[in-house]
Amino acid sequence: MNDPNGLIQWNGQFHLFYQYNPNGAFHGTIHWGHAVSSDLVHWQRLPIALAPTPEGPDKDGCYSGCAINNEGTPTFVYTGISPQTVCLATSSDGLLSWEKYEGNPVIDQPPPGVIEHATGDFRDPYVWRENDKWFMVIGSKREGQGGLVLFYQSQDLVEWEYLGIFLAGDVQKTKPFWTGTVWECPNLLEIDGKRVLIVSAQNDRGELMFPFYHIGHLQNLKFTSIFEQKLVYGNCFYAPQVMKTDDGRWVMFGWLQTGRRSSASTEAGWSGVMSLPMSLSLLPDNRLEIQPVEELKSLRQTHWKLDEETSLSKFVQKIKGASLEILLECDVSPDAEFGIKVCCSPDFEEQTQVIYDSSNGRLLLNKTQSSLSTVVDRDMQKAPLQLGKDEKLRLHIFVDHSTLELFANNHVCMASRIYPTREDSLMVDFFVQNGTVNINSLDVWEMKPIW
10 MNDPNGLIQW NGQFHLFYQY NPNGAFHGTI HWGHAVSSDL VHWQRLPIAL APTPEGPDKD
70 GCYSGCAINN EGTPTFVYTG ISPQTVCLAT SSDGLLSWEK YEGNPVIDQP PPGVIEHATG
130 DFRDPYVWRE NDKWFMVIGS KREGQGGLVL FYQSQDLVEW EYLGIFLAGD VQKTKPFWTG
190 TVWECPNLLE IDGKRVLIVS AQNDRGELMF PFYHIGHLQN LKFTSIFEQK LVYGNCFYAP
250 QVMKTDDGRW VMFGWLQTGR RSSASTEAGW SGVMSLPMSL SLLPDNRLEI QPVEELKSLR
310 QTHWKLDEET SLSKFVQKIK GASLEILLEC DVSPDAEFGI KVCCSPDFEE QTQVIYDSSN
370 GRLLLNKTQS SLSTVVDRDM QKAPLQLGKD EKLRLHIFVD HSTLELFANN HVCMASRIYP
430 TREDSLMVDF FVQNGTVNIN SLDVWEMKPI W
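Mapping of the sequence shown onto our numbering: position 200 corresponds to residue 209, and the numbering continues sequentially without gaps.
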């Protein structure tokens with residue numbers, strides 16, 4: 010599996026569709042898989058929602074898109090391959106089966122003058138309703154210049170008018186970070202009167218980089234960005250999609266890439282997982298607040314809490330588990346380097362370190378000893394985190410076998426894959442190098458499975 014698609018809450022149920030190859034643990038013959046949940050946590054697999062139609066505009070794959078409520082009719086707006094086009098499908102039985110629009114594709118090629126070749130990068134429509142019209146953003150590129158998000162409007166989802174470039178990247182620009190040559194999987198949401206554009210970046214070698222976001226204003230069909238930042242750090246979170254829930258929250262899922270050789274995935278028989286569901290809101294300084302959804306608390310079972318009577322060294326001896334939630338708040342001196350070791354074997358042959366480097370204002374994920382396997386990624390992952398005066402370090406860590414997802418001070422998120430191989434790599438430990446650290450609170454829970 011890869012990209013989450015068609016996120017929607019329908020009659021109270023959450024529906025998650027996703028890119029899926031039923032023929033094996035490799036990318037090809039993309040369908041839309043389907044899962045449903047009443048709480049964003051416990052999921053039931055449902056039959057495949059979309060499959061390629063021989064000789065149809067999606068004959069080579071049903072690529073990413075979104076789900077919308079069109080006056081009571083659930084509707085997919087998705088990418089047909091090849092060439093890359095925009096297609097529609099609707100459901101009349103509660104999102105279980107889907108009928109493709111007989112006039113597909115509704116957009117058969119990119120706008121003239123944007124992409125050199127009509128078969129080029131033009132994919133992943135995201136659609137919303139505003140001022141009695143449908144609007145769409147879709148990912149693309151401008152050859153040799155950078156990624157693009159293109160902008161369309163429609164009265165009926167069938168006839169689309171091209172409005173122009175919503176936002177353009179610049180391959181020459183490297184600050185605050187390089188944004189690649191192709192932009193994919195755009196999402197546009199409105200929070201507190203501002204627009205949030207989320208995009209995933211790819212380079213000209215087809216390598217997936219990272220998602221990032223712009224905060225800005227949309228006035229007179231023109232988007233003006235006032236802030237940009239990476240969305241999730243690490244080397245595996247990609248192609249997120251966001252939905253607005255019935256209670257008004259913006260909830261996001263992303264694809265956690267494999268982080269190991271493709272041959273290992275083929276041998277294992279599976280590839281890719283969904284991230285934890287995250288809620289998005291806007292902070293006063295225009296950064297996104299990113300937190301795990303409250304519903305994840307339902308997975309908590311065995312609880313360990315550090316108290317004043319127990320030393321940290323004795324406390325960690327109690328903790329064991331392959332699926333853990335760790336919640337920590339502490340005061341860190343400006344020169345301290347403080348770390349948490351997770352998925353540790355008793356002799357520390359295997360361990361993954363989450364480190365806060367106070368003097369350099371950054372979070373580190375040290376995976377050099379995460380796995381004894383020779384086919385997994387061990388690159389060091391980094392994210393900026395500069396604490397303000399008297400600000401406490403707050404870490405919220407979820408470890409689930411091969412996945413690690415980290416939330417820091419409500420606005421920094423990091424995700425990676427770790428693949429411990431030893432059955433006894435279940436321990437947690439802490440360390441301090443230089444400076445001082447005072448732990449104010451520390452809670453650890455073993456997590457129940459979702460199935």
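Beta carbons are placed, not taken as given, at the ideal position from N, Cα and C, and that holds for glycine.
These numbers come from a predicted model, not from an experiment.
6 Å CB neighbourhood of residue i in its chain, flanking five on each side removed
i: Leu-337; result: Leu-404, Leu-451
i: Pro-343; result: Ser-367
i: Asn-113; result: Pro-66, Cys-96
Own chain residues within Cβ distance below 7 Å of residue i, not counting five before or after
i: His-410; result: Ala-331, Ser-332
i: Pro-119; result: Ala-127, Gly-129, Phe-131, Ser-149
i: Asp-438; result: Val-325, Lys-350, Cys-353
i: Met-218; result: Gly-189, Ala-210, Gln-211, Asn-212
i: Arg-309; result: Glu-334, Trp-454, Met-456
i: Asn-78; result: none
Residues that residue i bridges to, as DSSP identifies them
i: Glu-193; result: Ser-209
i: Ile-116; result: Val-95
i: Lys-329; result: Answer is none; Lys-329 lacks a bridge partner.
i: Val-441; result: Phe-347
i: Phe-186; result: Per DSSP, none; premise fails for Phe-186.
i: Tyr-29; result: His-40
i: Arg-371; result: Asp-366, Pro-393
i: Gln-22; result: Trp-19
i: Glu-199; result: Arg-204
i: Lys-109; result: Ala-98
i: Asn-79; result: Thr-82
i: Glu-334; result: Phe-407, Trp-454
i: Ile-448; result: Cys-339
i: Val-146; result: Tyr-135, Phe-160
Element boundaries [beta strand (DSSP E), containing residue i]
i: Ala-345; result: Taken as a continuous stretch (DSSP letters only), Ala-345 belongs to no beta strand (DSSP E), as it is neither H nor E.
i: Lys-398; result: First-last for Lys-398: undefined, no H or E at that position.
i: Ile-459; result: Looking at the DSSP string, Ile-459 is not in any beta strand (DSSP E), and its letter there is neither H nor E.
i: His-36; result: His-36 -> no beta strand (DSSP E), and no H or E assigned at all.
i: Val-421; result: 421-426
i: Ser-47; result: Neither: Ser-47 is in no beta strand (DSSP E) and is coded neither H nor E.
i: Asn-14; result: 13-19
i: Arg-214; result: No beta strand (DSSP E) contains Arg-214, which DSSP labels as neither H nor E.
i: Thr-412; result: 412-417
Simplified DSSP assignment, three categories, for residue i
i: Leu-230; result: coil
i: Ser-354; result: coil
i: Ser-469; result: Because the chain here runs from 10 to 460, residue 469 falls outside it and cannot be looked at.
i: Leu-104; result: coil
i: Lys-323; result: helix
i: Gly-89; result: strand
i: Arg-387; result: coil
i: Ala-177; result: strand
i: Met-436; result: strand
i: Arg-151; result: strand
i: Thr-84; result: strand
i: Glu-168; result: coil
i: Ala-58; result: strand
i: Tyr-72; result: strand
i: Leu-381; result: coil
i: Glu-359; result: coil
i: Tyr-222; result: strand
i: Ile-406; result: strand
i: Gly-156; result: strand
Endpoints, the alpha helix (DSSP H) within which residue i is located
i: Glu-139; result: Where Glu-139 is concerned, there is no enclosing alpha helix (DSSP H), although the beta strand (DSSP E) it sits in stretches over 131-139.
Sequence-distant residues of its chain with Cβ nearer than 8 Å to residue i (five each side left out)
i: Arg-54; result: Gly-42, His-43, Ala-44
i: Thr-311; result: Gly-330, Trp-454, Glu-455
i: Asn-229; result: none
i: Glu-237; result: Pro-185, Phe-221, Tyr-222, His-223, Ile-224
i: Asn-449; result: Glu-338, Cys-339, Asp-340, Lys-401
i: Ile-124; result: Asp-130, Phe-131, Ser-149, Lys-150, Arg-151, Glu-152
Neighbour flag for residue i against chain B, beta carbons, 7 Å
i: Arg-214; result: The structure shown has no chain B; it contains just one protein chain.
Beta strand (DSSP E) runs contained entirely in the stretch 231-314, provided each spans 3 or more residues: 231-239, 246-253, 259-265, 287-291, 297-301, 309-314
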